[in-house]
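Colleague: Before I ask anything, let me first share the structure, which is written out below as structure tokens.
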Amino acid sequence: MNREQSTAIMERSAFLLPGGVNSPVRAYGAVGGSPPVIKCARGAYLTDEDDNALLDYVCSWGPAILGHAHPEVVGAVQEAAASGLSFGAPTQKEVDFAEAICARVPSIEMMRCVSSGTEATMSALRLARGYTGRDVIVKFNGAYHGHADALLVKAGSGAATFGSPDSGGVPADMVKNTMVAEYNDLEALRELFQREGSRIAAVIVEPVSGNMGCVPPVPGFLAGLISLCRDAGALSIFDEVMTGLRVASGGAQDLYDLQPDLTALGKIVGGGMPLAVYGGRREIMQKVSPLGPVYQAGTLSGNPLSVSAGLANLRLLTADCYDQLELLSARLEDGIRAVIDTGKWPCTVQRVGSMLTVFFHVGPIRNWQDASQCDTTAFGKFHGALLEQSIYWPAAQFEAAFLSVKHTTDDVDKTIVAIANAMKAASS
Ligand code: HOZ
């Protein structure tokens with residue numbers, strides 16, 4: 026595959042942007058080589074600067090569930106742009122958007138728009154602390170909730186990939202009230218609550234972990250977490266930045282029929298534009314300024330372009346989309362499992378809805394202790410071999426691949442063949 030243009034651009038970029046990128050997971054540090062530089066995208070395919078067509082399983086790390094450049098989403102943004110980019114003032118569209126979100130995610134009775142998942146989780150935590158009058162927050166080992174100081178403790182995603190689960194530049198004082206528990210271990214969480222329950226403001230959880238790769242909750246874990254919080258007067262916060270509108274129409278809480286106190290949404294809600302949401306029980310949200318004492322603000326929050334893209338995305342994401350995604354994703358999962366079984370590769374595939382990870386370790390992967398056993402060198406070779414076959418897979422072991430409604434069965438079948446070849450390359 027010719028990568029001349031991409032390589033030349035990344036050489037320029039390396040002098041100007043740390044690692045040549047604007048977010049660490051885009052660099053190929055964890056898998057080797059240099060990333061393709063993307064020129065444009067449509068449907069399930071990206072085109073790079075060398076005009077290679079790449080079948081995309083990154084989907085902009087989640088948002089592109091309808092495929093890239095959906096004409097109605099693009100049209101909604103174009104129409105909004107023609108009427109002004111940002112007013113820093115209320116608009117009707119943001120109310121329409123809030124109504125649409127609250128209808129899909131009934132635990133959200135009141136919400137606020139922000140511009141990124143990091144902002145959403147960070148604000149939800151501040152609110153939980155303000156509401157409960159307590160300082161301690163609990164997160165899970167290998168979970169990633171964006172890059173706010175208090176959450177960069179034993180973090181997954183790029184932080185784990187690049188060996189900085191506890192980031193530099195975060196003063197010890199900022200994380201002294203962050204406690205870490207093991208995902209999927211309800212007993213350990215119960216013991217933590219027995220010791221520290223009266224100090225805990227909130228437990229924040231990715232209901233399906235996506236940032237140590239795709240790790241589903243064991244039965245009873247999330248419901249148990251919610252009731253431990255409730256009994257102790259703490260709040261449960263579901264970080265559904267990845268899972269919201271992805272694993273089901275109303276996110277993981279819809280899939281598992283649960284009602285957290287607060288929820289953070291991002292990625293898909295903005296249809297590819299910078300938009301995220303935090304929200305939950307009205308009584309809690311009423312503590313947010315200007316109604317209450319918890320301050321949080323943003324000039325571009327709920328801007329008309331992002332909200333228009335989000336609204337169009339919500340409108341287009343019908344129940345049929347989720348049925349179609351489930352069929353397609355199950356086909357991919359089954360195909361990969363057959364490849365693993367036939368080759369007796371020391372790997373496992375895990376999936377929830379249209380998010381999925383191939384782990385280079387025998388499963389099941391239940392938590393970070395399991396995920397951290399993965400052979401990341403073999404994953405790097407696997408990734409490189411997929412790219413050589415024009416399959417654009419997330420460039421790190423501790424991420425999830427995503428499908429869109431624009432992926433076809435032919436795309437999936439082609440991917441399974443490519444994965445069989447890539448497994449062989451990974452073992453060499
Ligand atoms: N937040 C995503 C982690 N799964 C990736 C996007 C990024 O960090 O750039």
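Residue numbering for the sequence shown follows the numbering used here, starting at 26 and increasing by one per position.
Don't be surprised by glycine CBs; every beta carbon is placed ideally from N, CA and C.
Just so it is clear, the structure is predicted and the values come from calculations on it, not from any experiment.
Considering only their Cβ atoms, is the gap separating A206 from F165 smaller than 7 Å?
Modeller: For this step, residue 165 is matched to residue 140 along the sequence shown. For this step, residue 206 is matched to residue 181 along the sequence shown. Cβ distance < 7 Å, so F165 and A206 count as in contact.
Colleague: Whose CA, out of G109, I361, R67, V56, lies closest to the CA of G92?
Modeller: Taking the sequence shown and counting its residues from 1, the one referred to as residue 92 is at position 67. The shortest C-alpha separation from G92 is found at R67.
Colleague: For the candidate residues S234, D348, L353, L411, whose alpha-carbon lies nearest to that of S274?
Modeller: Your numbering for residue 274 matches position 249 in the sequence shown. Among S234, D348, L353, L411, the Cα nearest to that of S274 belongs to D348.
Colleague: Taking S379 as part of the alpha helix (DSSP H), name the residues at either end of that continuous run.
Modeller: Start at 1 with the first residue of the sequence shown, and residue 379 comes out as number 354. From DSSP, S379 is part of no alpha helix (DSSP H); its letter is neither H nor E.
Colleague: Along the beta strand (DSSP E) that carries R67, what are the first and last residues, could you check?
Modeller: Along the sequence shown, read from residue 1 onward, the residue named residue 67 stands at position 42. Here the beta strand (DSSP E) through R67 covers 63-67.
Colleague: Keeping to the same chain, check which residues put their C-beta closer than 7 Å to that of D264; ignore five residues upstream and five downstream.
Modeller: As a working note, residue 264 is residue 239 in the sequence shown. These residues qualify, in order along the chain: T146, H170, I229, V230, E231, A289.
Colleague: Mapping DSSP to helix, strand and coil, what is S132?
Modeller: The sequence position of residue 132 within the sequence shown is 107, counting from 1. If DSSP states are grouped into helix, strand and coil, S132 belongs with coil.
Colleague: Could you tell me if G113 is buried or exposed, where buried requires 16 or more neighbouring beta carbons within 10 angstroms of its beta carbon?
Modeller: Here the question's residue 113 lines up with position 88 in the sequence shown. Result: exposed.
Colleague: G258: buried (16+ other C-beta within 10 angstroms of its C-beta) or exposed?
Modeller: Working through the sequence shown from its first residue, we reach residue 258 at position 233. With fewer than 16 Cβ atoms within 10 Å of its Cβ, G258 is classed as exposed.
Colleague: Of the choices A451, Y156, V195, A52, whose alpha-carbon is the least far from that of G317?
Modeller: Position 292 of the sequence shown, counted from the start, is the residue given in the question as residue 317. Among A451, Y156, V195, A52, the Cα nearest to that of G317 belongs to Y156.
Colleague: Can you look up H170 in the DSSP assignment and give me helix, strand or coil?
Modeller: By 1-based counting over the sequence shown, the position of residue 170 is 145. Three-state result, H170: coil.
Colleague: How far does the alpha helix (DSSP H) with Y53 in it reach, from first residue to last?
Modeller: Residue 53 sits at position 28 when you count from the first residue of the sequence shown. Looking at the DSSP string, Y53 is not in any alpha helix (DSSP H), and its letter there is neither H nor E.
Colleague: Is V442 buried or exposed, if buried means 16 or more other CB atoms sit within 10 Å of its CB?
Modeller: Locating residue 442 in the sequence shown gives position 417, counting from the first residue. Per the 10 Å Cβ criterion, exposed.
Colleague: Quick one: using the 10 Å Cβ neighbour count with 16 as the cut-off for buried, is L357 buried or exposed?
Modeller: Counted from its first residue, the sequence shown places residue 357 at position 332. So L357 ends up on the buried side.
Colleague: DSSP three-state call for R137: helix, strand or coil?
Modeller: The residue you call residue 137 lines up with position 112 of the sequence shown. In the structure shown, R137 sits in a strand (DSSP, three-state: E or B).
Colleague: Could you check if P241 is buried or exposed, using at least 16 other CB atoms within 10 Å of its CB as the buried criterion?
Modeller: Indexing the sequence shown from 1 puts residue 241 at position 216. With 16 or more Cβ atoms within 10 Å of its Cβ, P241 is classed as buried.
Colleague: Would you mind listing the beta strand (DSSP E) stretches within the stretch 209-289 that are 3+ residues and don't spill past its ends, in chain order?
Modeller: 225-230, 260-265
Colleague: If you compare alpha carbons, which of S192, G158, G167 is closest to A173?
Modeller: On the sequence shown, position 148 is the one that residue 173 refers to. The option with the nearest alpha carbon to A173 is S192.
Colleague: What ranges does the beta strand (DSSP E) occupy inside the stretch 294-342, keeping only unbroken runs of at least 3 residues that lie completely in it?
Modeller: 301-305
Colleague: Looking at the structure shown, is A447 part of a helix, part of a strand, or coil, going by DSSP?
Modeller: On the sequence shown, position 422 is the one that residue 447 refers to. Of the three classes helix, strand and coil, the one that applies to A447 here is helix, per DSSP.
Colleague: Do the stretch 412-420 and the stretch 327-340 make contact, defined as three or more Cβ pairs closer than 8 Å?
Modeller: Between the stretch 412-420 and the stretch 327-340 there are fewer than three C-beta pairs closer than 8 Å, too few to call the two in contact.
Colleague: Assuming A55 contacts T401 under a Cβ cut-off of 8 Å, what Cβ separation, rounded to an integer in Å, is found between them?
Modeller: In the sequence shown, residue 55 corresponds to position 30, counting from 1. In the sequence shown, residue 401 corresponds to position 376, counting from 1. Confirmed, about 7 Å.
Colleague: Less than 7 Å between the C-beta atoms of A140 and L325, yes or no?
Modeller: As a working note, residue 140 is residue 115 in the sequence shown. As a working note, residue 325 is residue 300 in the sequence shown. The question names Ala, but residue 140 is Ser in the sequence shown. Pairing S140 with L325 gives a Cβ-Cβ distance under 7 Å.
Colleague: List, from N- to C-terminal side, the alpha helix (DSSP H) runs of 4 residues or more that fit wholly inside the stretch 388-440.
Modeller: Runs of the alpha helix (DSSP H) spanning 4 or more residues and lying entirely within the stretch 388-440 occur at 393-396, 401-413, in chain order.
Colleague: For G45, verify whether its CB is less than 6 Å away from any heavy atom of ligand 1.
Modeller: As a position in the sequence shown, residue 45 is number 20, starting the count at 1. Outside the cutoff, so no.
Colleague: Let's test the definition: count the other Cβ atoms within 10 Å of the Cβ of T268 and tell me whether it reaches 16, buried, or not, exposed.
Modeller: By 1-based counting over the sequence shown, the position of residue 268 is 243. Buried is the call here.
Colleague: Under a Cβ-count criterion, where at least 16 other Cβ atoms within 10 Å of its own Cβ denotes burial, should D438 be classed as buried or exposed?
Modeller: Counted from its first residue, the sequence shown places residue 438 at position 413. It is exposed - the Cβ of D438 has fewer than 16 other Cβ atoms within 10 Å.
Colleague: From the DSSP output, which residues share a beta bridge with A355?
Modeller: For the purposes of this step, residue 355 is identified with residue 330 of the sequence shown, where counting begins at 1. Answer by DSSP bridge pairing: none, since A355 is not bridged.
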